[in-house]
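Contents: one structure, followed by commentary.
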Amino acid sequence: MFWPIVLALLQLAVDGQTDEFVLGYLTGSRRRPGDITYSKPGRMISGAISLAVEEINAGLFKDKGHSLSFLVSETYGEESTSILETAELWKKNISAFIGPQETCFHEARMAAAFNLPMISYYCMDSDTSDKVLFPTFARTRPPDTQISKSVAAVLKAFNWTQVTFLYSNADDTHFGKIASTITEVFSKSGIEITAKKTWNSHYLHGYTTNPFVKLVTDTYQDTRIYVVLGNYYDHTGLVIAMDEMDLFKNGEYFVVGVDVEQYDAENPRKYLTGMLSNKQDPILEKAFRSFFSVVPTPPRGFKNFSVKVNEYMEKPPFLFPNPLVQLGGVKQISVEAAYLYDAVHLYARSVLELIECGDDPRNGTAMMAKLKGSHYRSAMGYEVYMDENGDAEGNYTLVSRQRLLDASKGYGLFPAGRFTKLRNLTRNPELTLVTNVEWISGKPPVAEPACGYRGQKCITHTAEILSIVAGTLLLVLAVISLVFYRNWKYEQELDSLLWKVDYKDIEINDTENGSTSSKISRALHPLIRTSQVSLSSNPDADFRYSSIFTTVGIYKGRVFAIKNVKKKSIDITRAMKKELKVMRDLRHENLNGFIGACTDPPNICIVTEYCNRGSLKDILENEDVKLDNMFVASLVADIIRGMLYLHDSPLRYHGNLKSSNCLVDSRWVLKLTDFGLQEFKKDCEDFPHHFLQHDFRLQKDDEVDCKCEGLLYISPELLRCYNSSIQISFGTQKGDVYSFSIILYELHSRKGPFGENHGLGVSDILRKIIYCPQDGSNPFRPPLDLLENNFDFVRDCLEDCWAENPDDRPDFKTIRAKLRPMRKGMRPNIFDNMMAMMEKYANNLEVLVDERTDQLVEEKKKTDALLYEMLPKYVAEQLKRGHKVQAENFDCVTIYFSDIVGFTSMSAESTPFQVVDFLNDLYTCFDSIIENYDVYKVETIGDAYMVVSGLPIKNGDMHAAEIATMSLHLLEAVKKFQIRHRPYDTLRLRIGIHSGPVCAGVVGLKMPRYCLFGDTVNTTSRMESTGQALKIHCSQECRTLLERLGGYQTTERGLVEMKGKGNVRTYWLVGEDHLHRLKRDEFRAQRREQQTGRKHRKSSKQPKNVKEGPRSSLKVPKTTINGPLSRCCSLESPKKLRFAAQHDDGSPVRRRPSGVAEEDEYCCDRHLSVSCPCIDHFDQAAPAMQTAAVTTAAVASKRATPCHALHAPTKIPGFPRVNSAPVTPMAADCIDMTDMSSLCAVDDVNEPLIRAADRDGAITFV
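In mature numbering (1 follows the signal peptide of the UniProt record, and there is no 0), the protein residues as written are -18 to -1, 1 to 1244.
Quick look at the structure:
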C-alpha cells in the first residue's frame, strides 16, 4: 500500500513541473513603404516554424505536459530593427530566440548578455562561431566555411599534399573568408599551398575573356593539382584553359572545384554546358575528365516538406497567400525553411534534456553545452552534426564527370563520393567513393613527380662534384704556388738590393773643413739653389749656439740629404735586408722618404729626401719665423698623420721622435725622419757620450760634447731602461706619445722642450725625470704656465700624453680627436690653406667688382629710360652721340589741342599746391588713356594739352582716326573726373583737332625739346580756342580724312571766323560707329600681339656682340637683362604703371563698361599720381610682319614712307602699335586703312565705349 502512494506523489510532482516555452521568431517577411529591393525571404520559409511547433506540441511536449509557442518579430531586413526587436522580445520574457535572419553579430551579443539561447537558421556570419564572445549562439544552417574540411578530406584521400589554390575575388562575391578558412584547414591538415592567386571577373564560356589562361601559365610548371573556389561557371574557365594547353593529356594534372551553391540533382548537365547555354559542348565534356567538385548535398524528400510549409504559411499568424493556388501549384520553398524547422526541433529536444538533468532550460550556456557534439535528423533528409562551435556541419558530396542514363545526351556531373563524419569533431571527415573514377592514366595523378616539378630531383651531380673537387685541388695548388711565388719574389727582392746606392753616383762636396764647411760649391752643384740649403739637425753641433747646413748631394739629378754612419765596416745580414726593404717600401706624405744606403767602407751613409726648410727645431729657434694658429695646427696634424701611419706599419713605433727629426719641406709639409734602421746603425760610433756620465758613475771624456738634449723627448720608462749608448734606438708606441707631448709643448711655448728650465741643466732635468718622487707629488714635467693663453683642450691633451703611467696615455687616434678643434675649417696642409685664403680673397674681390658693375649698368638703364621719356629714342641716341638732329617734314599729321574752360578763375580760387595736384591728377589720367593709341604727347603748358599722331612714325591716314577716337575717349573720361579739392565742380574740357603738314625737330642744347612747327599747329590752336566746352571742334581737313576712313559722326557747325584765316567751315565730332570702332580696336590688338610676339622672339636671340651669361665663373647675377627696359618700370615711384594694353605678364587689362580700363579709372577717380611710363624699344621688325599686308582702297600716293632711322623698310598694314608716346620708329611703315573689313583680330576690350541701345542708330559716346 505504501509504494502506490509514493508513485502517485511523484506523478503529481512531475505534473507540477509543466511549463510553457515561448520562442522569439526574428524574420524579415515585409518591406518598408517605398522599399522595392528587399527580397522578403521570410515569406518563403515562415510556415516551417508553425509546422515544427505543432509537431512538437503534439509529440515531444505532449507526454511531458509542456507547451511551445512563438512570437513573431518583423525586422524588414534591417539590422537596427533586428537589434531593437531582439530587445523587445527579451522584455516579453521569451525562452529562446529563433533567428535572426540576415544579420546576427550584435543580436548574438545581446543573447549572450541575456544568457538566452539563440539558434539561427539563416545567418552565415563566421565571427559568431567564437564561443568566447557568443557562448549562447548556435545555428542549423552550416556556414560556407564548413566546406573546407571536406575539400581537405578529398586531397588527403588521394595524397595530394601540394596544391595551387585559386579563388574568386570579384566584387559581388564573398569567397575571401572561405578562402582564409580553407588555407587554415590546409595548413592544419599538412597540405602545402605552392601558389595562391585570385581573379576579379566572372567567366562566361563563349562570351568573356578567360582570366585563367594567365594564372595557369604562371603556375603550371610548379604544380600538378589545382584547387579552385568560385561559382561553377568559373570552374569551366580553369578547365578549358588547362585543356587548351594539353595539360590533361597524360593525366598528370587534376582540378578540384569548390562550389558553395547546392548541387542541382535535377540538372547535372548544366555544369558542362556553361552558364548561358543548354547545348552539349564536346570541348567541355572532354576537359572535365580530370575534375572533381565538392558541393553541398541536395535535400531528400524536400517536395513533401515544401507542401506542408506552404500550407502553414497560409495559416495564422502569417496568412501569406499562395499566388499559384489558382494554377494548382505551390510557392518554391528555399532550403532555409528546413534549417528553421531543424532549429525549433533542436531547441525542443535540448529543453527536455536539460529538464531531465535538472538544469534550467532558459540557461543559454547550458543549452549550448548540450548542443555541441550532438547530431540530429534534418528536414533535408540526412544526419547533421553540430561541431564544437555550435555550428551545424555541412553535408557535402563529391561529384565528377559521368555519362547520363541516356548515353546519347552526353555527360554530366554526378555524385562520386560521400563524406563520413567522425566522432572527433576536430578531425576532417573521411571520403568514401561510391563509383569508379575514370583516371586518364589509370591511376590518380601525384601531387609532385618523383623527380620534382622541373626534374630537379633526378639531376645527377657527379659532374658538379668532380668539378668542385677539381676546382678545390686547383685552388689549393694555386694558393700553395702563390705562397711559394711570394716567398721567392720576396727573397729576390731582398737579394736584389734595390736600396743599395753606389757612393760614386752621388755628387757631394769633398771640402768640409774651414770656412767652406758651411757652403756648397756652386760649380760642383749647379742644381742646388740657395733656397734649398737651410738649417738642419746636424748631430755634430749644438743648435743652441750654432747652426750649419746639412750634407746634401745630387743623385740621379735630384738633391738628397746624406747622413753618414760612422762604422768601419758593415755586414749585410738577412735581418738588415728585411729592414732596408721595409724602409724603402714605406711611403707616406708625412714621412721623409728613404732612398737608399751606401755600404762600401768608409762611405757608409743613408740617403733620404731633402727638406729645404730644415727641421722643426730650426724653425722654432728662428725668432723671425712667426707661427700663427693655422701653422701650428697644420704642423701638429702632419705629425699625427705620420705617427698613425708608422704605428700601423711593420715598424710599429718611431723610437726617436723629437723636433730635430721633424723636417719641413718647401710646401710647409712636416715629414718625420730618423726612424727604423736599428740593424743598419747598430755598433756605430756616432755617440760615444752617455748621460750616466753626468752622475759620475761612468768616466767622462771632457773632449766629447754633451749630446743629452735629445733625451729630453724620451719617456721616463725608457730612460730608466737605458743601459747602453744612446745611438741604439728603441722605443714603444706609448713612448712616442710622450715624445709627441714634448714636441706639442715646444710648438706652443717656443721655449724649448722644457720651457725656460728655471736654471736647470739638461742633466738635472733628466735626473728629475728618471727619479720619480716618492712622496706622492706630481712627476717633473714642463711648466704649463707658458700655455695659459692656449686652448684648454691643448693643455688637457698634454697632461694626458705625458702621464707617468704609460697605460694612461692615449693613442694617436684619440689624440687626433682631442685636437680636432685646432683644424676646424682648415685644409690638410699649410700651403693649401694659404692658397685657399688667396683664392677666397680674389673671388670676393671679383664678386665685389661685378656687383658694382651691375649697379652701374642699372643706373645707366634708368637714365636712358628717363631720357627716352623726354625724347624719341632715335633722337635721344643722336644727341647722346653728339650728332646734330636733322629736322623732318611730315606731309600730313593730326594735332590735338585742349584746355580747361574756367581754369584761370579756378586757379585764382585755389592754392598753388592744389592747382599742381589737380593738373597732375588730370594729366596722369590723360597719359594713361593715350597709351591705348598711336599718338605722341608733345607737351603740356598750364592747362593746355597737345598730342599729335602721324609722327615720328608715319601711319598713312590713320592719324586722324587715332586722334578722333582718343578725343572721344578723353572727353568721356573728363565727364567722370573728380577734382580732389573741389569734388562738386564739373571739369569742362574744350578740344580742337586739325590735320595738315608740319615740320618736327629738336630745338636748343639746354633742355632740348622735340617741337612741331607749321601753320597746322596754329590752326589747331585756333580750333581749340574757338570751340565750346565739352565738345570736339573738328576742321574741314580732318573731317575729310575721317569720312574717308568711315565710322565717325560729325555735325556741321557752320562758318567760324578765325584770326588770320577768315571764315572757316568747321564741324563737331559727336561719335563713332560701333562696328568700325571694334574693327579698329581688333586690328590694334592684333598689331599689339604681333609686336609682343616679335619682342619675345627678339629676347630669345641675343646679339652677337652682347656678352651672354655672367662675367666670371664665380658669380652668377640674379637677373640678366639683355633686352629693352620693361614698359611698366617706374623711374620716380616704386609702383608700376597700369596700362590699358596689358600687364607685365602679357594678360589683358579688364575694362569698365564705360570703356575706361580699371587701372585708368582707378587712376582718375582716386587721384593717384604715377610717373610717366618707360618706353618699349621696337627697333627691329619681325619677319612675320612682312606677310601682314592688307588690301586697301586708299590712293597709293597716300601711303606713308618709312622713317629715315629704320634699317630695313617694310610695308605693313593697319594701325601702328598702341603704346605711350614718344616712341621709337618701328621697322614697319603704315598705310591708309579705308577698307577696315579685312581686319579680324580679337580685341581685349570687354565692352564698347557706346551704349548698347545705339547699335542700330546713331552712335554716340557715353
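Glycine included, each C-beta is placed from N, C-alpha and C at the ideal position.
- For the pair Cys783 and Leu801, the CB atoms are not nearer than the 8 Å cut-off.
- Sorting Leu628, Met816, Gly932, Ser111 by C-alpha distance to the C-alpha of Cys86 places Ser111 at the top.
- Per DSSP, the continuous beta strand (DSSP E) segment holding Glu1054 begins and ends at 1044 to 1054.
- The residue from Ile80, Thr165, Leu33 with its alpha-carbon nearest to that of Thr57 is Ile80.
- With contacts defined by Cβ atoms closer than 8 Å, Ala374 and Pro124 form a contacting pair.
- Annotation: the segment 200 to 245 contains the following complete segments of the beta strand (DSSP E) (minimum length 3 residues), in chain order: 207 to 211, 236 to 240.
- Under the three-state reduction of DSSP output, Tyr927 falls in the strand class.
- The alpha-carbon of Thr444 is positioned some 10 Å away from that of Ile450.
- The alpha carbon of Gly924 has as its nearest neighbour, out of Ile912, Glu699, Gly932, Leu901, the alpha carbon of Leu901.
- With fewer than 16 other beta carbons inside 10 angstroms of its own, Leu455 counts as exposed.
- C-alpha of Glu786 to C-alpha of Lys716: approximately 11 Å in a straight line.
- Here Phe736 carries a coil assignment [DSSP, helix/strand/coil].
- Taking a 10 Å sphere around the C-beta of Ile747, we find 16 or more other C-beta atoms and assign the residue as buried.
- Exclusion of the five residues before and after Pro584 leaves Lys550 as the residues of its chain whose Cβ lies within less than 8 Å of its Cβ.
- Burial state of Gly16 is exposed, judged by a 10 Å Cβ sphere holding fewer than 16 other Cβ atoms.
- Non-local C-beta neighbours of Ile622 in its own chain, meaning closer than 7 Å and more than five positions away in sequence, comprise Phe794, Ile797, Arg798, ordered along the chain.
- Judged by DSSP secondary structure, Cys907 falls within the alpha helix (DSSP H) whose first and last residues are 894 to 912.
- Val744 and Arg566 have their alpha carbons spaced roughly 35 Å apart.
- If you draw a 10 Å sphere on the C-beta of Leu66, you find fewer than 16 other C-beta atoms in it, and that means exposed.
- Sequence-distant partners of Ala429 (beyond 5 residues in either direction) whose C-beta falls short of 8 Å from its own C-beta, in its chain, are Asn141, Trp142, Thr143, Gln144, Val145, Arg206, Ile207.
- Beta-bridge pairing by DSSP links Glu489 to Ile536.
- The three-state secondary structure of Asp582, taken from DSSP, is strand.
- Counting other Cβ atoms within 10 Å of its Cβ, Glu944 reaches 16 or more and is therefore classed as buried.
- Here Leu617 is near Leu598, since their CB atoms are less than 8 Å apart.
- Shown here, Pro698 sits in a helix according to DSSP, grouped into three states.
- Apart from the 5 residues on each side of it in sequence, Ala619 sits with its Cβ closer than 6 Å to the Cβ of Arg805 in its chain, given in chain order.
- For Met565, the enclosing alpha helix (DSSP H) stretches over residues 556 to 567.
- Here Trp72 carries a helix assignment [DSSP, helix/strand/coil].
- Between the segment 219 to 226 and the segment 248 to 261 there are fewer than three inter-stretch CB-CB distances shorter than 8 Å, so the stretches are not counted as touching.
- Contact check for Cys1020 against Ile975 passes: the beta carbons are separated by less than 8 Å.
- Taking 8 Å as the cut-off, the beta carbon of Gly363 is found closer than this to the beta carbon of Phe284.
- Between Lys563 and Trp470, the CB-CB gap reaches or exceeds 8 Å.
- Residue range 715 to 731 is occupied by the alpha helix (DSSP H) that includes His730, with no beta strand (DSSP E) assigned at that position.
- The alpha-carbon separation between Thr532 and Phe576 amounts to approximately 16 Å.
- If you compare the alpha carbons of Arg1047, Cys1016, Leu1037 with that of Gly1053, the shortest gap goes to Cys1016.
- The beta carbon of Lys559 sits closer than 7 Å to the beta carbons of Leu476 from its chain, once the five residues preceding and following it are set aside; these are given in chain order.
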